[in-house]
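Residues in the sequence shown are numbered from 4 upward in steps of one, following the working numbering. All C-beta atoms in this analysis are idealised placements derived from N, C-alpha and C, irrespective of residue type, glycine included.
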Amino acid sequence: MTTGLNNLPLISKLLLALGLMVLVGLGGGYHAVTRMAATDALYSRLLHQNARAALHLARANIALIDDGRVLNRMVTETTPSAIRGSMGELAAIHARVAEMLAIAEAAMPSIAAELRDITND
4 MTTGLNNLPL ISKLLLALGL MVLVGLGGGY HAVTRMAATD ALYSRLLHQN
54 ARAALHLARA NIALIDDGRV LNRMVTETTP SAIRGSMGEL AAIHARVAEM
104 LAIAEAAMPS IAAELRDITN D
């Protein structure tokens with residue numbers, strides 16, 4: 004019983020074996036690239052969430068610094084209208100801080116308890 008490979012010259016057998024090895028290598032490379040791309044996407048998403056939470060926490064911190072500035076200015080105000088204006092600014096700052104903390108909590112739910120402590124104070 005003869006097979007089809009017995010009738011082929013040696014160079015054809017070598018080229019066939021080489022071609023099969025190339026196909027196996029390409030398949031392995033494709034598999035590795037797709038797995039690395041999936042891992043990279045997952046890692047990037049994790050980093051992006053942490054970075055987004057940190058960015059909004061920093062913005063909330065800047066707003067809280069403005070809060071102190073407005074409070075210090077309000078102490079020196081002499082007219083009731085200026086004091087009401089400062090109180091309006093404080094309300095806007097508190098709303099901005101609450102918004103930034105809500106975005107940070109949505110980006111990183113693991114810090115929700117700490118953020119609730121901040122907003123309750």
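Item                                                                                                            : Value
Taking CB distances under 7 Å as the criterion, tell me whether I86 reaches chain D.                            : Judged by its chain identifiers, the structure shown contains no chain D, having just a single protein chain.
In terms of alpha-carbon separation, which member of E108, T79, E117 and L21 lies closest to N53?               : E108
Within 10 angstroms of the Cβ of I68, are there 16 or more other Cβ atoms? Answer buried if so, exposed if not. : exposed
What did DSSP end up calling T79 once you bin it into helix, strand or coil?                                    : helix
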